[in-house]
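Going by the numbering used here, the final residue of the sequence shown carries number 1165, and the count climbs one at a time with no gaps.
Ideal Cβ placement from N, Cα and C applies to all residues, glycine included.
Source: prediction; values computed, not measured.
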Amino acid sequence: MASLMFTDCSSSTTSRLIHLNRRSGTFLLRQCVGQLRLQTTASGRGCCIRSSSSPISAISADTKSSEGAAIVIDGKAVAKKIRDEITIEVSRMKESIGVIPGLAVILVGDRKDSATYVRNKKKACDSVGIKSFEVRLAEDSSEEEVLKSVSGFNDDPSVHGILVQLPLPSHMDEQNILNAVSIEKDVDGFHPLNIGRLAMRGREPLFVPCTPKGCIELLHRYNIEIKGKRAVVIGRSNIVGMPAALLLQREDATVSIIHSRTKNPEEITREADIIIAAVGQPNMVRGSWIKPGAVIIDVGINPVEDPSAARGYRLVGDICYEEACKVASAITPVPGGVGPMTIAMLLSNTLTSAKRIHNFQ
Ligand code: GUN
805 MASLMFTDCS
815 SSTTSRLIHL
825 NRRSGTFLLR
835 QCVGQLRLQT
845 TASGRGCCIR
855 SSSSPISAIS
865 ADTKSSEGAA
875 IVIDGKAVAK
885 KIRDEITIEV
895 SRMKESIGVI
905 PGLAVILVGD
915 RKDSATYVRN
925 KKKACDSVGI
935 KSFEVRLAED
945 SSEEEVLKSV
955 SGFNDDPSVH
965 GILVQLPLPS
975 HMDEQNILNA
985 VSIEKDVDGF
995 HPLNIGRLAM
1005 RGREPLFVPC
1015 TPKGCIELLH
1025 RYNIEIKGKR
1035 AVVIGRSNIV
1045 GMPAALLLQR
1055 EDATVSIIHS
1065 RTKNPEEITR
1075 EADIIIAAVG
1085 QPNMVRGSWI
1095 KPGAVIIDVG
1105 INPVEDPSAA
1115 RGYRLVGDIC
1125 YEEACKVASA
1135 ITPVPGGVGP
1145 MTIAMLLSNT
1155 LTSAKRIHNF
1165 Q
């Protein structure tokens, strides 16, 4: 379930949290008390005045921008550039060896958010010339039915990547199903062998999970140095937080992970040169948590009520953007930051897989 909050960073200390039932699209109201120390700041998102879609000279936490405003890391533009690169490679592969990369997606149940993600993945495949395959199974399907679909795609030579959309219905054993995906087609990078290799020095996973890979790709494309920096990852999910921390460590950052039992998250976050927030709490990280000049990658996509928006809500990240962009040296917006990168990395992993399977350089 996603949450909807009646607040931006600068509103009162008591905020009402609404849960958006993504299956039915209905709203359930719940009272809650904001846990965070709130400050009064100018509202609006106009504070990040420098925007750049191209790699810039190295940003570091030691060099706060002179204007006092962060550079906006334009994930949408970077993702488009990556998709353009993939389009060229897909057509080169087709012309050279007659192979079209193929991605299979398995969607179980009727979660609206998952259906949207899957639709977007299909659209993205179409846009770069990757063939997409889709299996939709009912919420009450058995685990065996899912395993049968996985097995069919494992054996299908026109499929080079397999993605089982998560979360799965609660009666299914996610681990069992992810283990069944062929490691050579595990474009999500969730197979324990791929995750295990990601965690080990001197080992190479065949695939890296798409969202964390997209975060690191943004840092690379903006020439943001990672080596030797202090990084904090907020959230420890299998999909984002945990692999993001492993990736940062592989890049020689010194990494701390903040989670629900961390006693002093604000203090630890304030030490960070690089922050990756993937916790699913709207505006959780305030300006006061951020070291001047830090680089911020915000993975959160949280709907908050906004009567002025056509849909009645807007999307905000886990970072209080309007405060953070006055302190950070660079920051990803929400939307338009990490989101488009996740799909670009999925396409990239699918192309890599097809090239590897067909030994195409
Ligand atoms: N659900 C949310 N994010 C992801 C993802 O990256 N991959 C899959 N398979 N499911 C997801």
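For this session: Can you say whether D930 is buried or exposed, counting buried as having 16 or more other CB atoms within 10 angstroms of its CB?
Result: Position 126 of the sequence shown, counted from the start, is the residue given in the question as residue 930. Flag for D930 reads exposed.
Exercise. Where does D1102 sit, in a helix, a strand or coil, going by DSSP?
Worked result: Counting from one through the sequence shown, the residue named residue 1102 turns up at place 298. Strand at D1102.
For this session: Indicate the three-state DSSP secondary structure (helix, strand or coil) for R923 in the structure shown.
Result: To locate residue 923, count along the sequence shown from 1; it is residue 119. Here R923 carries a helix assignment [DSSP, helix/strand/coil].
Exercise. Closest by CA to E1071, which one among A1057, R1025 and G1091?
Worked result: Translated into positions along the sequence shown, residue 1071 becomes position 267. The shortest Cα separation from E1071 among A1057, R1025 and G1091 belongs to G1091.
Problem set entry | DSSP-derived helix/strand/coil call for Y1117 | The residue given as residue 1117 occupies position 313 in the sequence shown. Three-state result, Y1117: strand.
Exercise. Which value, in whole angstroms, describes the spacing of the CA atoms of K1159 and Q1165?
Worked result: To locate residue 1159, count along the sequence shown from 1; it is residue 355. To locate residue 1165, count along the sequence shown from 1; it is residue 361. When the Cα atoms are used, K1159 and Q1165 turn out to be separated by approximately 7 Å.
Exercise. Sorry if obvious, but does the Cβ on T1154 come closer than 7 Å to a heavy atom of the ligand GUN?
Worked result: The residue labelled residue 1154 in the question sits at position 350 within the sequence shown. T1154: no, Cβ never under 7 Å from the ligand GUN.
Problem set entry | Per-residue DSSP class, three states only, for S974 | Looking up residue 974 in the sequence shown gives position 170. For S974, the three-state secondary structure derived from DSSP is coil.
Exercise. How about T920: is its Cβ closer than 7 Å to a heavy atom in the ligand GUN?
Worked result: By 1-based counting over the sequence shown, the position of residue 920 is 116. Flag unset: Cβ of T920 not near the ligand GUN.
Exercise. Could you give the distance in angstroms between the alpha-carbon of V787 and the alpha-carbon of S936?
Worked result: As shown, the chain starts at 805 and ends at 1165. That puts residue 787 outside it, with no answer to give.
Problem set entry | Exposed unless 16 or more other CB atoms sit within 10 angstroms - verdict on G1045 | Looking up residue 1045 in the sequence shown gives position 241. By the neighbour-count definition (other C-beta atoms within 10 Å, threshold 16), G1045 is a buried residue.
Exercise. Apart from the five residues just before and just after S953, which ones in its own chain have a Cβ nearer than 6 Å to its Cβ?
Worked result: Here residue 953 corresponds to residue number 149 of the sequence shown, with the count starting at 1. The answer, listed in chain order, is I910 and V939.
Exercise. Of all Cβ atoms in chain C, is any one closer than 8 Å to the Cβ of D959?
Worked result: In summary, chain C is missing from the structure at hand, where a single protein chain is found.
Exercise. Roughly how many whole angstroms lie between the Cα atoms of E1075 and K1095?
Worked result: Along the sequence shown, read from residue 1 onward, the residue named residue 1075 stands at position 271. Along the sequence shown, read from residue 1 onward, the residue named residue 1095 stands at position 291. E1075 and K1095 have their C-alpha atoms some 6 Å from each other.
For this session: Check whether the Cβ atoms of I1043 and T1073 lie closer than 8 Å to each other.
Result: Within the sequence shown, the letter at position 239 stands for residue 1043. Within the sequence shown, the letter at position 269 stands for residue 1073. Their beta carbons are not under 8 Å apart, which means I1043 does not touch T1073 by this criterion.
Exercise. Tell me, which residues are paired with E938 by DSSP?
Worked result: By one-based count along the sequence shown, residue 938 stands at place 134. Answer is V909, bridged to E938.
For this session: May I have the straight-line CA-CA distance separating D1141 from K880, to the nearest angstrom?
Result: Counting from 1 along the sequence shown, the entry for residue 1141 is found at position 337. Counting from 1 along the sequence shown, the entry for residue 880 is found at position 76. The amino acid at residue 1141 is misidentified as Asp; the sequence shows Gly. Distance between the alpha carbons of G1141 and K880 is about 6 Å.
For this session: Buried or exposed for R1007, please, with buried defined as at least 16 other CB atoms from any protein chain shown within 10 angstroms of its CB.
Result: Counted from its first residue, the sequence shown places residue 1007 at position 203. Per the 10 Å Cβ criterion, exposed.
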